[in-house]
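Undergrad: Just dropping this structure here.
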Amino acid sequence: DQQVKQNSPSLSVQEGRISILNCDYTNSMFDYFLWYKKYPAEGPTFLISISSIKDKNEDGRFTVFLNKSAKHLSLHIVPSQPGDSAVYFCAASVGTNKLIFGTGTLLAVQP
Amino acid sequence: DTGVSQDPRHKITKRGQNVTFRCDPISEHNRLYWYRQTLGQGPEFLTYFQNEAQLEKSRLLSDRFSAERPKGSFSTLEIQRTEQGDSAMYLCASSGERDRVHEQFFGPGTRLTVL
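Line by line, the protein sequences give chains A and B. If you're matching positions, the first sequence starts at 45 in the working numbering and goes up one per residue. If you're matching positions, the second sequence starts at 6 in the working numbering and goes up one per residue.
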């Protein structure tokens, strides 16, 4: 069963606009949520995380929102830049043993 | 470069052969993870080491797979009698006590193709 779901395989956004990537989860025991960015031929790179006891975390152009009642989180990128074009993975964890990843969303930022 | 390194980056093998991959984590990291990623999917957890102890194994890790981390430094992942379904990207990650909680640092991966 897919405990972390990213229902949009791809997203196209104009440079300078907002990108919103969504993620849903089923396991209420997850205590941390993370977003990773992946370029072709590279491993995933950590972007931003949020504890389950918070509802928002911001780091520069990136903000993650967590809605525990809906079991939903989203990543906002403002403003979007062409260099942001990559696959974005949502991940969740219980403890520090492993991450459970979604299937990814391919973001294309058009100049 | 002090990041996670993996060797080889690519491996092509014939069905039935054995293959071994190596991962060198960030030097001060005591936790090491192996993941597998297939096309269109996110990375899937395989196994986890804290220092030299293998503390968790996924059901994905069949008896043809074995991982070791002697002396708590580098790790190897061996696949015996490879099958075409083993074709995937094998990712290694590490994390340490002083890093942000739950953040794992990934290597570039080893792409395995089984013919």
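Here a beta-carbon is modelled for each residue, glycine too, at the ideal position from N, C-alpha and C. Every value quoted in this text rests on a predicted model; they were computed, and no experiment measured them.
Which class does B/Asp12 belong to by DSSP, given the choice of helix, strand or coil?
TA: Correct three-state label for B/Asp12: strand.
Undergrad: Helix or strand or just coil, what does DSSP make of A/Asp75?
TA: Note: A/Asp75 maps to coil in three-state DSSP.
Undergrad: Any idea which residues DSSP pairs A/Asp68 with across the strands?
TA: According to DSSP, which records beta bridges pairwise, A/Asp68 is partnered with A/Lys49 and A/His116.
Undergrad: Would you decide whether A/Lys142 is buried or exposed? Buried here means 16 or more other CB atoms lie within 10 Å of its CB.
TA: So A/Lys142 counts as buried.
Undergrad: If the criterion is Cβ atoms closer than 7 Å, does the pair A/Leu78 and A/Ser93 meet it?
TA: Result yes, Cβ atoms of A/Leu78 and A/Ser93 sit closer than 7 Å.
Undergrad: Should A/Ile121 go down as buried or exposed, given a rule of 16 or more other Cβ atoms within 10 Å for buried?
TA: That one is buried.
Undergrad: Assign B/Gln109 to one of three DSSP states: helix, strand, or coil.
TA: Here B/Gln109 sits in coil by DSSP.
Undergrad: Under 7 Å between the Cβ atoms of A/Gly226 and B/Gly114?
TA: Missing from the structure shown is residue 226 of chain A; chain A here goes from 45 to 155 and no further.
Undergrad: So what does DSSP say about B/Gln89, is it helix, strand or coil?
TA: Looking at B/Gln89 - three-state DSSP - the assignment turns out to be helix.
Undergrad: When you compare each of B/Thr52, B/Gly77 and B/Ser32 to B/Ser63 by their alpha carbons, which one comes out closest?
TA: Taking only the C-alpha atoms, the option nearest B/Ser63 is B/Thr52.
Undergrad: Pick from A/Lys115, A/Cys134 and A/Leu119: whose alpha carbon is nearest that of A/Asp103?
TA: Selected option, being the one with the closest Cα: A/Leu119.
Undergrad: Below 8 Å CB to CB, which residues in the same chain sit around A/Ile62 once its five sequence neighbours on both sides are set aside?
TA: Closer than 8 Å at the Cβ level, and outside the excluded window around A/Ile62, lie His120, Ile121, Val122, Pro123 and Ser124.
Undergrad: Between which two residues does the beta strand (DSSP E) carrying B/Tyr40 extend?
TA: Residues Arg36 to Gln42.
Undergrad: Thinking C-alpha only, which one of A/Asn101, A/Pro84, A/Ile64 and A/Phe90 is nearest A/Phe145?
TA: Ranking A/Asn101, A/Pro84, A/Ile64 and A/Phe90 by Cα distance to A/Phe145 puts A/Phe90 first.
Undergrad: Indicate whether the contact test is met: 3 or more Cβ pairs, each with one atom in the segment 26-41 of chain B and one in the segment 87-105 of chain B, closer than 8 Å.
TA: Yes: the two stretches touch, three or more of their Cβ pairs being nearer than 8 Å.
Undergrad: Could you check whether A/Ala136 and A/Ser56 sit closer than 7 Å to each other, using their CB atoms as the reference points?
TA: No, Cβ-Cβ distance for A/Ser56 and A/Ala136 is not below 7 Å.
Undergrad: Could you check where the beta strand (DSSP E) with A/Lys142 kicks off and where it finishes?
TA: No beta strand (DSSP E) holds A/Lys142; DSSP gives it neither H nor E.
Undergrad: Let me know the secondary structure DSSP gives A/Lys19 once reduced to three states.
TA: Not covered by the structure: residue 19 of chain A. The range shown for chain A is 45 to 155.
Undergrad: For B/Lys76, name the three-state secondary structure that DSSP assigns.
TA: Reduced to three states, the DSSP call for B/Lys76 is helix.
Undergrad: By the 9 Å beta-carbon criterion, what residues does the segment 56-74 of chain B contribute toward chain A?
TA: The residues in question are Leu60, Glu61 and Ser63.
Undergrad: In the segment 96-111 of chain A, which residues sit with their C-beta less than 8 Å from some C-beta in chain B, listed in chain order?
TA: Listed by position, the residues of the segment 96-111 of chain A near chain B (Cβ gap below 8 Å) amount to none.
Undergrad: Contact between the segment 26-34 of chain B and the segment 71-83 of chain B is defined here as three or more beta-carbon pairs at a separation below 8 Å; is this criterion met?
TA: The segment 26-34 of chain B vs the segment 71-83 of chain B: in contact.
Undergrad: Is the CB of B/Glu33 under 7 Å away from at least one CB in chain A?
TA: No, B/Glu33 does not count as interfacial toward chain A.
Undergrad: How is B/Asp68 classed by DSSP in three states: helix, strand or coil?
TA: DSSP places B/Asp68 in coil when its eight states are reduced to three.
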